[in-house]
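Trainee: Got a structure for you, written out below as structure tokens; questions coming shortly.
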Amino acid sequence: MSDNNVQTSAEQSDKKISQARSFTYYIFALVAALWLYTLWADRMTPMTDQARVNGQLIRISPEVSGPISQVLITNNSIVKAGDELVTIDPRPFELAVKAAKFDLQQAAQSYEADSAAISVAQANEVAARVKVNNAKKNVERNRVLANKGTISQAVMDNIIAELETAQAGLAQASSALEKAKQEFGPRGIDNPEIQSVLNRQEQALLNLNHTKLTAPANGVITNMDVAVGDYAAAGQPLLTFINNNNLWLTAMVRENSLAHLKPGDKVKIVFDANPGEVYEGKISSIGWGSSGNGSLAQDASNGLMTSPTSSSKAQRFPVNIEFTSLPADLNLRYGGRAVVGFYPDESYLGERLQDLWIWAWSYISYVS
Numbered sequence: 001m002s003d004n005n006v007q008t009s010a011e012q013s014d015k016k017i018s019q020a021r022s023f024t025y026y027i028f029a030l031v032a033a034l035w036l037y038t039l040w041a042d043r044m045t046p047m048t049d050q051a052r053v054n055g056q057l058i059r060i061s062p063e064v065s066g067p068i069s070q071v072l073i074t075n076n077s078i079v080k081a082g083d084e085l086v087t088i089d090p091r092p093f094e095l096a097v098k099a100a101k102f103d104l105q106q107a108a109q110s111y112e113a114d115s116a117a118i119s120v121a122q123a124n125e126v127a128a129r130v131k132v133n134n135a136k137k138n139v140e141r142n143r144v145l146a147n148k149g150t151i152s153q154a155v156m157d158n159i160i161a162e163l164e165t166a167q168a169g170l171a172q173a174s175s176a177l178e179k180a181k182q183e184f185g186p187r188g189i190d191n192p193e194i195q196s197v198l199n200r201q202e203q204a205l206l207n208l209n210h211t212k213l214t215a216p217a218n219g220v221i222t223n224m225d226v227a228v229g230d231y232a233a234a235g236q237p238l239l240t241f242i243n244n245n246n247l248w249l250t251a252m253v254r255e256n257s258l259a260h261l262k263p264g265d266k267v268k269i270v271f272d273a274n275p276g277e278v279y280e281g282k283i284s285s286i287g288w289g290s291s292g293n294g295s296l297a298q299d300a301s302n303g304l305m306t307s308p309t310s311s312s313k314a315q316r317f318p319v320n321i322e323f324t325s326l327p328a329d330l331n332l333r334y335g336g337r338a339v340v341g342f343y344p345d346e347s348y349l350g351e352r353l354q355d356l357w358i359w360a361w362s363y364i365s366y367v368s
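Those letters in the sequence shown? Residues 1 to 368, by UniProt numbering.
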């Protein structure tokens, strides 16, 4: 009886060992299958959670310097193109415009005076030319009389001297007219002095217009730290503007996952801000450069996107994605995180499995 119990116990022990061994094999096979699938999917239907909402971020800088007299918006204000944001004290620039207008009036008066001087010089030149013509006629008329002996040679010499004097006067009048024209310069708006004053006036008006900082497009003012009385320096960033009408997604994709990706490929997107929803887009471009360390941002030293990997892992490169199906009421924020699945049309089965992953991620976003 005891021998039967021992045999039964041994058989049960062997069966448990066999079951444990089979379970281990199943687990090993499952892990191996998942590993092989991961390697395959990473190339055929890649996916990344290293994606951020990107857009046009403009640092608004004033064109002129001066104290701020008005702040017409608050931090994170939604603005429209052309909305006035900040006003720099316009009074010094208004005075510059008035001074330029005064200079223009003076230049116009000087222009009129120079024009009058030319008119006088022209009149003198005409009078001198008439005098020369009359003197020539007098010489010709009296030369006939001198040949007949009607007048003496001394009288004739005096008449010729009068002609020479008239000719000298004409030369002097012509020289004076030419000098007046050169000093006066071109007529009208092409006159250098007039043009110089007009340029100064235009610059003064432009500077006055630049005292008002306006929104370059529809968007948002963020990270604002400006108050009345602050000094605005020309060329120094004063406000940060985000153009929320021109947003895209930048996904950092491992370089060994780029083989089958190309512009135009379909993507599916899950935003952390909108869990449970899946959106669509397409690849617009694939980056050719990436910095080797840091986070999903730009490397200040070279302007390239930084890859969120260590040097021992595969490098990541930026893939820009254009949205194709976003609802109008979806408020994306610059820098918002997203998960992206790529569909390069290389495997139908892989893309259906990718759909399951994306669907799962859309709900994982509730707790991530």
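Idealized CB from N, CA, C, for every residue including glycine.
So if DSSP puts R59 in a beta bridge, which residue, or which two residues, is it bridged to?
Mentor: Taking the sequence shown and counting its residues from 1, the one referred to as residue 59 is at position 59. Answer is T240, bridged to R59.
Trainee: With distances taken between CB atoms, is the gap from M252 to R316 smaller than 7 Å?
Mentor: By one-based count along the sequence shown, residue 252 stands at place 252. By one-based count along the sequence shown, residue 316 stands at place 316. Yes, Cβ-Cβ distance for M252 and R316 is below 7 Å.
Trainee: Taking residue 379 as part of the alpha helix (DSSP H), name the residues at either end of that continuous run.
Mentor: With the chain running from 1 to 368 in the structure shown, residue 379 is simply not present.
Trainee: With a cut-off of 8 Å, do at least 3 Cβ pairs link the stretch 210 to 224 to the stretch 65 to 84?
Mentor: yes
Trainee: With distances taken between CB atoms, is the gap from I364 to L249 smaller than 7 Å?
Mentor: Residue 364 sits at position 364 when you count from the first residue of the sequence shown. Residue 249 sits at position 249 when you count from the first residue of the sequence shown. Cβ atoms of I364 and L249: not closer than 7 Å.
Trainee: What is the rounded straight-line gap between the Cα of F23 and the Cα of A360?
Mentor: The residue given as residue 23 occupies position 23 in the sequence shown. The residue given as residue 360 occupies position 360 in the sequence shown. F23 and A360 have their C-alpha atoms roughly 27 Å apart.
Trainee: Which whole runs of the alpha helix (DSSP H) in the stretch 321 to 351 are 4 residues long or more, in chain order?
Mentor: none
Trainee: Comparing C-alpha positions only, which one of N133, N138 and M44 sits nearest to G348?
Mentor: To locate residue 348, count along the sequence shown from 1; it is residue 348. According to the sequence displayed, residue 348 carries Tyr and not Gly. Closest by alpha carbon: M44.
Trainee: Below 7 Å between beta carbons: does that hold for K131 and A166?
Mentor: The sequence position of residue 131 within the sequence shown is 131, counting from 1. The sequence position of residue 166 within the sequence shown is 166, counting from 1. Taking 7 Å as the Cβ cut-off, K131 and A166 qualify as a contacting pair.
Trainee: Tell me which same chain residues have a C-beta within less than 8 Å of the C-beta of S325, skipping the five on either side of it?
Mentor: Taking the first residue of the sequence shown as position 1, residue 325 is located at position 325. Around S325: Y279, E280 and G281.
Trainee: What residue range is occupied by the uninterrupted beta strand (DSSP E) comprising L213?
Mentor: Counting from one through the sequence shown, the residue named residue 213 turns up at place 213. For L213, the enclosing beta strand (DSSP E) starts and ends at K212 to T214.
Trainee: So G55 and N246 are supposed to be a Cβ contact under 8 Å. How far apart are they, rounded?
Mentor: Locating residue 55 in the sequence shown gives position 55, where the first residue counts as 1. Locating residue 246 in the sequence shown gives position 246, where the first residue counts as 1. Between N246 and G55 the Cβ distance is about 6 Å, and since that is below 8 Å, they are a contact.
Trainee: Should L30 go down as buried or exposed, given a rule of 16 or more other Cβ atoms within 10 Å for buried?
Mentor: Locating residue 30 in the sequence shown gives position 30, counting from the first residue. The residue is exposed, with fewer than 16 neighbouring Cβ atoms inside 10 Å.
Trainee: Do L239 and I358 have their CB atoms nearer than 7 Å?
Mentor: Locating residue 239 in the sequence shown gives position 239, counting from the first residue. Locating residue 358 in the sequence shown gives position 358, counting from the first residue. No, these two residues do not count as a Cβ contact at 7 Å.
Trainee: Look at the alpha carbon of N274 and the alpha carbon of P92, and state the distance between them as a whole number of angstroms.
Mentor: Stepping through the sequence shown from its first residue, residue 274 is reached at position 274. Stepping through the sequence shown from its first residue, residue 92 is reached at position 92. The straight-line gap from Cα to Cα measures roughly 50 Å.
Trainee: Under DSSP, the alpha helix (DSSP H) around L85 begins and ends at which residues?
Mentor: Position 85 of the sequence shown, counted from the first residue, corresponds to residue 85. According to the DSSP assignment, L85 belongs to no alpha helix (DSSP H) but to the beta strand (DSSP E) extending over E84 to I88.
Trainee: Tell me, please, which residues DSSP counts as bridged to R52.
Mentor: For the purposes of this step, residue 52 is taken as residue 52 along the sequence shown, with counting starting at 1. Answer is T250 and R337, bridged to R52.
Trainee: Residues in its own chain within less than 8 Å of D265 by CB, not counting five upstream and five downstream?
Mentor: For the purposes of this step, residue 265 is taken as residue 265 along the sequence shown, with counting starting at 1. The answer, listed in chain order, is K282, I283, F342, Y343, P344 and D345.
Trainee: Report the residue from R143, V319, A168 and T150 whose alpha carbon sits nearest the alpha carbon of A259.
Mentor: Locating residue 259 in the sequence shown gives position 259, counting from the first residue. A check of alpha carbon separations from A259 across R143, V319, A168 and T150 identifies V319 as the nearest.
Trainee: Along the beta strand (DSSP E) that carries P275, what are the first and last residues, could you check?
Mentor: Taking the first residue of the sequence shown as position 1, residue 275 is located at position 275. Premise fails: P275 is in no beta strand (DSSP E) and is neither H nor E.
Trainee: Where does N245 fall in DSSP's three states?
Mentor: Position 245 of the sequence shown, counting from 1, holds the residue named residue 245. Strand, per DSSP.
Trainee: With a threshold of 16 other CB atoms inside 10 Å of the CB of T150, please say whether the residue is buried or exposed.
Mentor: Taking the first residue of the sequence shown as position 1, residue 150 is located at position 150. Classification for T150: exposed.
Trainee: State yes or no: is the C-beta of E84 within less than 7 Å of the C-beta of T214?
Mentor: The sequence position of residue 84 within the sequence shown is 84, counting from 1. The sequence position of residue 214 within the sequence shown is 214, counting from 1. E84 places its beta carbon less than 7 Å from that of T214.
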